[in-house]
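Asker:
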Amino acid sequence: MTFRQATAGQAYVRTHVRPFHSVHVVQEAQRRRQGSMHITSPLQSPRFSIIICTYNRRTMILTALASLRKQTFPYKYFEILIIDNGSTDGTFDAVQTYIDMPHKKQGEEVWRVQCLHEACNGLSHARKRGMEAATGEIVVFLDDDIVVDSRFLEQLHLAYTETGADAVGGCVKMYWEDPRPYWLTDDFLGMLGYYMPFRTRSKLTTAIHFSSSCFSVKREVLAKVGGFSHLLSKRLNMPISADVADLCQRLHQAGCALWYEPSAYIGHRVSQARLKRAFFVGRAYWQGRAEILASYTDLAYRHSLASYTLAAALPSILPELATMLWIAFVHRPLLVLARKSSSERLYAMMAQARIWGRIQQKFILSNHAPIMMDLPAVLLVQGSKDDASLLEQGLTAQSVLCTTSIADIPLAWLWRHRAYQERAVGIIHLYHPGALGLNSRQRQRLLFRLQLARCLGVRIVSTDTGGWWQSVCNLRFSARRHFEHTFFTCSDVVYTFTPHIEQLYPEQRLRSRAYYIPHPGMRGTLLKRPGSSQARVQLGFPLSTEFIYLCFADMHTEREVLSLIDAFSEMRTILFQKEETADLEPRLALIGTPRDKVNTQKILKRAATNSAIHLFLQRRDEDMLAYVEAANAVVLPYFATRMAGVPELAMLFYSYERLVIAADLPRFQDLLPPHACLLYDPNSRSALVRALLTALRHKEYRHSSKEAAALDSGYGWQLYAQRLLESYKTLLPTKTG
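Encoded structure:
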């Protein structure tokens, strides 16, 4: 097939496509853009889905369609999806009119063609739109300025059948629209689209990637590796093309087999505009910028740039700047004086342009983080180093750039992640804001930076995990509660672990921002389990002890702890009064001291008169596993305070198969299954006594293998991070120009 024959579509445009001025045609175009499309096809799924994305290339796309119509492969085994990426030259209507015309092979069904509209500019968006509509087993991506060989799909089918490949790339030859210049040697053909890495069918190594003009991937495999990177794909004012190389790298990492098939070839049109030296210099410049952006897709590299500033960028910029200046003022003049060939001088110009592109992109990155459409940059503000370590690990596993900060919002991070062209780039996540423990001046400073973040277009979210300060009536801690409440009101979203949002937040402005995500399991967060007997010996309990209640006194007020001691004493009295339970000697372990009292004289006096009460005045993190293993039940004796409770503690003991006795408050309702939790009326001490008695008769439970897997902290926090990421995406732009 000659190029003149292949451009039959151009003649069609000249003779059939007239200006679209009639009311009927305008209404028809609007109907099509709203989703109505012409499809004449059998119901069976095709083998191939050919996706061609186009922008303001009406003539070229019609030529490509004309060549696809001549395929020897049966029409019923492939479909064609044309994605108009916001063209303004009538491409959509011209293509739709062309495919509405009958195109049939003798004795066969008509071909299946759709023309879809994607208003959001960017090749990755257009390809994603095509993948959403594709029904074929294999997705074939072609450029719009190509001519397809008549046996292209037939050869591609053979390659998949005979190799079992996950992805196959085709050969790209040149179709010259103008004579080839004398200075254009074969070394430059790759920049024009030429692609022939081997003469025969070959399996590709990691060093070789497909041509962006002609490649195919199994649809399931493409979905598995995550599709195309918006950051590295071509869009308006950003003609880079590194997304296919990035995709091939991810396919190799996933263990996929990539093959090259030379018999499946296309012709890539070389227009007159590309046969100029300026085109190659421009390509080299954008290649340099793409190289730096490609590095940014690596999570470890992005972490190294978390606090990237111009001062930090200079050590890597200066050597490249020196090289560029040497090429410009020494090497290129010497080439001219030595009368070297035009191709050598062009190579020098391209090398200079490539380095300049790299330098400019580094400057841009030092000033502003790029927009990662599906992966926002997150600043995780926490009270201490390990407060949100599990969440950080979960987000990192989702390839989210997560920077941590202790009770601070760095100005450098704010500046780099400010909104770009009215599109948000970064998210500040305040995890457990009430635990920040700041003085008045530090609080004002943090609130000021939050307001600054809002002015810069940074989105703000927070997680309400509860805290001991919520149940303290002392005015000394009212500032902490007010500070936390202010954080919540400043947030775009408040994440909570309870589904009872209306009970927890009676204020409409908070209730409308609350977002429920179930608390992840905590199994595996503690080190190797020592066993119950060994843990009790470690903590000083008699081996004969049958049942131990455990309470973290440092998470409660003094009044709540005293109420628990009284309820425990009353329970023991009831036990002694009954002959069948008189021999039972349950123990109560109190870990830490209440935060609202400087001294604990009342608790010490009560404990001194009751040998069944064991005091551990200092809570030791290294003994946390021993606390969990030694106890039969954990008691959370909160009073009837709406915001009281710490779900994390209850989930920890449930994950390690311990009974949880908790006040019937919003944070604990529907948190745990009934067999693992006893909820009591917080307004009644007798209800607490009954719960303590019931715990003695409560049957011990063991997690099934399925439950244990679901409660694994690694799995649970990754699942939590996935749900969190979906919520993040609603705060950031899903599409961009």
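Heads up: the sequence shown begins at 671 in my numbering, then just goes up one per residue.
The C-beta atom is built at its ideal place from N, Cα and C for all residues, glycine as well.
#1: For residue 937, which three-state DSSP category applies?
#2: Quick check on residue 1085: does DSSP put it in helix, strand or coil?
#3: How many angstroms separate the CA atom of residue 993 from the CA atom of residue 1018?
#4: Does DSSP classify residue 807 as helix, strand or coil?
#5: Give the C-beta separation of residue 1259 and residue 1220 to the nearest angstrom, bearing in mind that I take them to be a contact with Cβ-Cβ under 8 Å.
#6: Looking at C-alpha atoms only, which residue of 1068, 1287, 855 and 1381 is the closest neighbour of residue 1394?
#7: With contact counted as at least three CB pairs below 8 Å, one residue from each stretch, are the region 745-759 and the region 794-801 in contact?
#8: Quick check on this structure: which residue in 857, 832 and 813 has the alpha carbon closest to the alpha carbon of residue 842?
#9: Between the beta-carbon of residue 1423 and the beta-carbon of residue 792, is there less than 9 Å?
#10: Is the beta carbon of residue 1027 less than 9 Å from the beta carbon of residue 955?
#11: Just checking residue 1248 against the ligand GTP - is the residue's beta carbon closer than 8 Å to any of the ligand's heavy atoms?
#12: Is it the case that the Cβ atoms of residue 1021 and residue 1053 are separated by a distance below 9 Å?
#13: Roughly how far, in whole angstroms, is the beta-carbon of residue 902 from the beta-carbon of residue 967, given that I think they are within contact range, below 8 Å?
#14: Within 8 Å, do at least three Cβ pairs link the region 1186-1195 to the region 1270-1284?
#15: Using the C-alpha atoms, what's the distance from residue 787 back to residue 705?
#16: With DSSP as the reference, label residue 1402 as helix, strand or coil.
#17: Strictly by DSSP, which residues pair up with residue 1047?
#18: Please report the residue range of the beta strand (DSSP E) in which residue 1330 lies.
#19: Mapping the DSSP letters down to three states, classify residue 1184 as helix, strand or coil.
#20: By the three-class DSSP mapping on this structure, what secondary structure does residue 1390 have?
#21: Can you tell me which of 1235, 1238 and 1147 puts its alpha carbon nearest to the alpha carbon of residue 1266?
#22: Start and end of the beta strand (DSSP E) containing residue 1283?
#23: Give the single residue among 865, 1231, 896 and 984 whose Cα lies nearest to the Cα of residue 931.
#24: Just curious, the alpha helix (DSSP H) that residue 951 is in, first and last residue?
#25: In the region 1231-1305, which residue ranges form an unbroken alpha helix (DSSP H) of at least 4 residues, counting only runs that do not cross its ends?
#26: Beta strand (DSSP E) containing residue 866: first to last residue?
#27: Just the C-alpha distance for residue 697 and residue 726, rounded to the nearest angstrom, thanks.
#28: According to DSSP, residue 787 sits in a beta bridge with which residue or residues?
#29: What is the residue span of the alpha helix (DSSP H) that residue 895 lies within?
#30: Evaluate the contact criterion for the region 1075-1087 versus the region 1110-1122: three or more CB pairs, one atom per stretch, below 8 Å.
#31: Leaving out five residues before and five after residue 940 in sequence, what residues of the same chain have Cβ atoms less than 7 Å from its Cβ?
#32: Report all residues from its chain with a CB closer than 7 Å to the CB of residue 874; omit the five preceding and five following residues, and keep chain order.
#33: So, at 6 Å on beta carbons, what are the nonlocal neighbours of residue 1100 in its own chain, with the 5 sequence-adjacent residues on each side left out?
#34: Hey, could you find the ends of the alpha helix (DSSP H) residue 830 is sitting in?
#35: Measuring straight from C-alpha to C-alpha, what distance separates residue 1401 and residue 1335?
#36: So the candidates are 1129, 1058, 1066 and 1010; which of them puts its Cα closest to the Cα of residue 1088?
Answerer: The structure says:
#1: Along the sequence shown, read from residue 1 onward, the residue named residue 937 stands at position 267. If DSSP states are grouped into helix, strand and coil, residue 937 belongs with the strands.
#2: On the sequence shown, position 415 is the one that residue 1085 refers to. It is helical.
#3: Within the sequence shown, residue 993 is the residue found at index 323, counting from 1. Within the sequence shown, residue 1018 is the residue found at index 348, counting from 1. Straight through space, the alpha carbons of residue 1018 and residue 993 are spaced by roughly 12 Å.
#4: In the sequence shown, residue 807 corresponds to position 137, counting from 1. The DSSP-derived three-state label of residue 807 is coil.
#5: Residue 1259 sits at position 589 when you count from the first residue of the sequence shown. Residue 1220 sits at position 550 when you count from the first residue of the sequence shown. Right, the Cβ-Cβ distance comes to about 5 Å (below 8 Å), so this counts as a contact.
#6: Position 724 of the sequence shown, counted from the start, is the residue given in the question as residue 1394. Ranking the options by Cα distance to residue 1394, first place goes to 1068.
#7: The region 794-801 and the region 745-759 touch, with three or more beta-carbon pairs separated by less than 8 Å.
#8: Here residue 842 refers to the residue found at position 172 when the sequence shown is read from its first residue. Here the closest residue by C-alpha is 813.
#9: For the chain, the structure presents residues 671 to 1407; residue 1423 sits outside this window and is missing.
#10: Reading the sequence shown from its first residue, position 357 is the one you call residue 1027. Reading the sequence shown from its first residue, position 285 is the one you call residue 955. In this structure, residue 955 lies closer than 9 Å to residue 1027 by Cβ.
#11: No copy of the ligand GTP occurs in the structure displayed, which carries no ligand at all.
#12: Counting from one through the sequence shown, the residue named residue 1021 turns up at place 351. Counting from one through the sequence shown, the residue named residue 1053 turns up at place 383. Remark: C-beta atoms of residue 1021 and residue 1053 do not approach each other more closely than 9 Å.
#13: Position 232 of the sequence shown, counting from 1, holds the residue named residue 902. Position 297 of the sequence shown, counting from 1, holds the residue named residue 967. That pair is a contact at about 7 Å.
#14: Taking 8 Å as the limit for Cβ pairs, the verdict is that the region 1186-1195 does not touch the region 1270-1284.
#15: As a position in the sequence shown, residue 705 is number 35, starting the count at 1. As a position in the sequence shown, residue 787 is number 117, starting the count at 1. Note on residue 705: pLDDT 40, under 50, position unreliable in the model; no value is reported.
#16: Along the sequence shown, read from residue 1 onward, the residue named residue 1402 stands at position 732. Residue 1402 falls in the coil class under three-state DSSP.
#17: In the sequence shown, the residue the question calls residue 1047 occupies position 377. Answer is 1071 and 1096.
#18: Here residue 1330 is taken as the residue at index 660 of the sequence shown, counted from 1. Run containing residue 1330: 1329-1333, per the beta strand (DSSP E) assignment.
#19: The count along the sequence shown starts at 1 and reaches residue 1184 at position 514. Residue 1184 falls in the strand class under three-state DSSP.
#20: For the purposes of this step, residue 1390 is taken as the residue at position 720 of the sequence shown. In the structure shown, residue 1390 sits in a helix (DSSP, three-state: H, G or I).
#21: Numbered from 1 along the sequence shown, position 596 holds the residue referred to as residue 1266. Each of 1235, 1238 and 1147 was checked against the Cα of residue 1266, and the nearest Cα belongs to 1147.
#22: Here residue 1283 refers to the residue found at position 613 when the sequence shown is read from its first residue. Here the beta strand (DSSP E) through residue 1283 covers 1283-1286.
#23: To locate residue 931, count along the sequence shown from 1; it is residue 261. Answer by Cα proximity: 865.
#24: On the sequence shown, residue 951 is found 281 positions in, with the first residue counted as 1. Following the DSSP letters along the chain, one finds residue 951 inside the alpha helix (DSSP H) bounded by residues 947-966.
#25: Listed in chain order, they are 1271-1278 and 1294-1300.
#26: Position 196 of the sequence shown, counting from 1, holds the residue named residue 866. From DSSP, residue 866 is part of no beta strand (DSSP E); its letter is neither H nor E.
#27: For the purposes of this step, residue 697 is taken as residue 27 along the sequence shown, with counting starting at 1. For the purposes of this step, residue 726 is taken as residue 56 along the sequence shown, with counting starting at 1. With a pLDDT of 39 at residue 697, under the threshold of 50, the modelled position of this residue cannot be trusted, and the question is left open.
#28: Taking the first residue of the sequence shown as 1, we reach residue 787 at position 117. 754, per the DSSP bridge assignment.
#29: Translated into the one-based positions of the sequence shown, residue 895 becomes position 225. Run containing residue 895: 889-895, per the alpha helix (DSSP H) assignment.
#30: Verdict: yes, contact present.
#31: Counted from its first residue, the sequence shown places residue 940 at position 270. Contacts found: 844, 845, 846, 847 and 862.
#32: Here the question's residue 874 lines up with position 204 in the sequence shown. 928, 929 and 930.
#33: Walking along the sequence shown from the start, residue 1100 turns up at place 430. Within the same chain, residue 1100 has close Cβ partners 1051, 1132 and 1157.
#34: What you label residue 830 is simply residue 160 of the sequence shown in a count that begins at 1. 822-833 is the extent of the alpha helix (DSSP H) around residue 830.
#35: The residue you call residue 1401 lines up with position 731 of the sequence shown. The residue you call residue 1335 lines up with position 665 of the sequence shown. In a straight line, the C-alpha of residue 1401 is about 31 Å away from that of residue 1335.
#36: On the sequence shown, position 418 is the one that residue 1088 refers to. With distances taken between CA atoms, residue 1088 lies nearest to 1129 out of 1129, 1058, 1066 and 1010.
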